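Chains as they are written, first to last, in my numbering: chain L, 1 to 132; chain V, 1001 to 1300.
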């Protein structure tokens, strides 16, 4: 079966590239699963989403904050403003960030920045395989 | 005579310590060029993908009507982003940039467009302050190692001004493009409004397929264009940083070479002076001895 060629890039570096069987990403319209021979798609990704790349030998999970996914003839590129592989996430730091963000959300329900911060921290923890 | 010797010795000592500093600067700059180049290369995949995505959206949606691509018929104000360095010691780096920026400003004024400078880098900011020119935006402190966050901040300010009714109608960027270690050239480009080219040529990487958009083409474009501008600005900042290090390396290398040449000339002069002093002393001694010998010969 054909494979997907995947590149996950952020402006500052290439985060991951390789072949896979399936990609699951979260766009503003909802979750989208891409398998080989998918129709060309260009989608906007949500803030604080989790990207799952399914391969025969274990999945690759990354926290992706904002950006785009573009699919064309089995080439999938994920352009993220910032992204982090699950294996690179510093779990303790992410938990800290989540606690701080939640505290400021509680103090001020209108604090949009803190809400985004909390989303990001949750995505990082989920990417690292933690329960949130 | 002794005074001249002392003077030369002192000058050699001071030139030598200057040479040590410039040599160290040269070595630091050389090591940083490589890092700056690596950062430039790391940014390439994202740039390529985002450019491709923008062309995909634009070529898919027949009627392109987005504020960021619409050129005004009579632009009144133009923002010029001038990318300079924070530190000097880089030869003509900042002078070249500012000269090009002035030329562009003159050209724009000739078309009847008011110029609003947005300046990056301490050198450019002080240049504008010294001439008491108003700046619409200024950023400094990261010229030798720009991050994407900096580009985002700058792009945010520029796009904000562009979307504002009474803001700016065009955005130009003047920066030093990094061609190679030895060649850097100043470039002036218009980044907004985007130029949409109607072409029948195939884009690099094959023809663009007919995309589906999530949620809609318009929304994707809304999100995509600011990111594209950010990426262009980030690219300009990275190239400028690499060029800054390259010019600094070159300037410091010629300063070190000049200092070494000076040391050579001064050493020669010093040796000459010392030799002249010795010769004079000998001739004085010989002269004195002869006079004594003549005197004692006269007594007998």
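Heads up, the beta-carbon is just placed ideally off N, CA and C, and yes, glycines get one too.
From a predicted model like this one, the values you see are computed outputs, not experimental measurements.
Considering Cα atoms alone, identify which of the options is closest to residue i.
i, options, result
"residue 1116 of chain V", "V:1126, V:1138 and V:1038", "V:1138"
"residue 23 of chain L", "L:34, L:15 and L:17", "L:34"
"residue 1224 of chain V", "V:1266, V:1240, V:1252 and V:1194", "V:1194"
"residue 1111 of chain V", "V:1078, V:1026, V:1275 and V:1082", "V:1078"
"residue 88 of chain L", "L:60, L:56, L:119 and L:18", "L:60"
"residue 92 of chain L", "L:106, L:124 and L:103", "L:124"
"residue 1231 of chain V", "V:1217, V:1127 and V:1147", "V:1147"
"residue 1254 of chain V", "V:1275, V:1091 and V:1047", "V:1091"
"residue 1073 of chain V", "V:1113, V:1100, V:1037 and V:1130", "V:1113"
"residue 102 of chain L", "L:75, L:94 and L:114", "L:114"
"residue 1119 of chain V", "V:1212, V:1106 and V:1141", "V:1141"
"residue 1188 of chain V", "V:1221, V:1264, V:1168 and V:1107", "V:1107"
"residue 1080 of chain V", "V:1292, V:1013 and V:1161", "V:1161"
"residue 1226 of chain V", "V:1155, V:1150, V:1244 and V:1019", "V:1155"
"residue 1252 of chain V", "V:1020, V:1163 and V:1011", "V:1020"
Does the beta carbon of residue i sit closer than 9 Å to a beta carbon anywhere in chain A?
i, result
"residue 1239 of chain V", "In the displayed structure, chain A is absent; the protein chains listed are L and V."
How about residue i: is its C-beta nearer than 9 Å to some C-beta of chain V?
i, result
"residue 97 of chain L", "no"
"residue 57 of chain L", "no"
"residue 70 of chain L", "yes"
"residue 67 of chain L", "yes"
Using a Cβ-Cβ distance cut-off of 9 Å, determine whether residue i contacts chain L.
i, result
"residue 1210 of chain V", "yes"
"residue 1031 of chain V", "no"
"residue 1231 of chain V", "yes"
With respect to the beta strand (DSSP E) encompassing residue i, which residues constitute its N-terminal and C-terminal limits?
i, result
"residue 1185 of chain V", "1184-1192"
"residue 1117 of chain V", "1114-1120"
"residue 10 of chain L", "4-10"
"residue 1072 of chain V", "Premise fails: residue 1072 of chain V is in no beta strand (DSSP E) and is neither H nor E."
"residue 1210 of chain V", "From DSSP, residue 1210 of chain V is part of no beta strand (DSSP E); its letter is neither H nor E."
"residue 20 of chain L", "13-20"
"residue 1137 of chain V", "1137-1139"
"residue 1173 of chain V", "1170-1178"
"residue 58 of chain L", "Note, residue 58 of chain L: premise wrong, no beta strand (DSSP E); not H, not E."
Name the two residues that bound the continuous alpha helix (DSSP H) containing residue i.
i, result
"residue 1302 of chain V", "Residue numbering for chain V in the displayed model covers 1001 to 1300; residue 1302 of chain V lies beyond these limits and cannot be assessed."
"residue 1252 of chain V", "1217-1299"
"residue 1158 of chain V", "1148-1163"
"residue 1104 of chain V", "1093-1110"
"residue 96 of chain L", "91-107"
"residue 119 of chain L", "112-127"
Check your understanding: Between the segment 1034-1060 of chain V and chain L, which residues of the former have CB atoms less than 7 Å from a CB of the latter, in chain order?
Key -> 1042, 1043, 1045, 1046, 1049, 1050, 1053, 1056 and 1057
Review point. Quick one, which residues of the segment 1066-1087 of chain V are near chain L if we go by CB-CB under 7 Å, in chain order?
Key: Residues of the segment 1066-1087 of chain V with a Cβ closer than 7 Å to any Cβ of chain L: none.
Exercise for review: Assess, as a yes-or-no matter, whether the segment 1032-1043 of chain V is touched by the segment 3-14 of chain L under the definition of 3 or more beta carbon pairs within less than 8 Å.
Suggested key: yes
Point to revise | chain V contacts made by the segment 3-19 of chain L, where a contact means CB separation under 9 Å | key: Those would be 7, 9, 10, 11, 12, 13, 14 and 17, in chain order.
Check your understanding: Using a Cβ cut-off of 7 Å, which residues of the segment 1124-1158 of chain V contact any Cβ in chain L, in chain order?
Key -> Of all residues in the segment 1124-1158 of chain V, 1148 have a Cβ within less than 7 Å of some Cβ in chain L.
Review point. Quick one, which residues of the segment 1210-1229 of chain V are near chain L if we go by CB-CB under 9 Å, in chain order?
Key: 1210, 1211, 1212, 1213, 1214, 1215, 1217, 1219, 1220, 1222, 1223, 1224 and 1227
Practice item. Give the residues from the segment 27-46 of chain L that approach chain V closer than 8 Å (Cβ to any Cβ), ordered along the chain. Key: Answer in chain order: 27, 28, 29, 32, 39, 40, 41, 42, 43 and 44.
Practice item. Scan the segment 73-98 of chain L for residues whose Cβ lies nearer than 7 Å to a Cβ of chain V and list them as they occur along the chain. Key: So the list reads 73, 77 and 79, given in the order they occur along the chain.
Review point. How about the segment 1246-1263 of chain V and the segment 1025-1040 of chain V: do they share at least three Cβ pairs that are nearer than 8 Å?
Key: yes
Exercise for review: Determine contact between the segment 1047-1059 of chain V and the segment 1082-1094 of chain V, defined as no fewer than three beta-carbon pairs at a distance below 8 Å.
Suggested key: no
Check your understanding: Listed in chain order, which residues of the segment 1234-1260 of chain V have Cβ atoms closer than 7 Å to some Cβ of chain L?
Key -> Residues 1234.
Check your understanding: Counting Cβ pairs, one atom from each stretch, are 3 or more of them under 8 Å apart for the segment 1224-1239 of chain V and the segment 109-129 of chain L?
Key -> no
Exercise for review: Check whether the segment 1003-1015 of chain V touches the segment 1269-1280 of chain V, counting contact only when three or more Cβ pairs, one atom from each stretch, lie closer than 8 Å.
Suggested key: yes
Review point. Is there contact between the segment 69-89 of chain L and the segment 40-48 of chain L, where contact requires at least three CB pairs shorter than 8 Å?
Key: Counting Cβ pairs under 8 Å, three or more are found: they touch.
Check your understanding: With contact counted as at least three CB pairs below 8 Å, one residue from each stretch, are the segment 1167-1178 of chain V and the segment 1093-1109 of chain V in contact?
Key -> yes
Review point. Can we say the segment 1259-1267 of chain V touches the segment 1013-1025 of chain V, given the rule of at least three CB pairs closer than 8 Å?
Key: Touching, yes.
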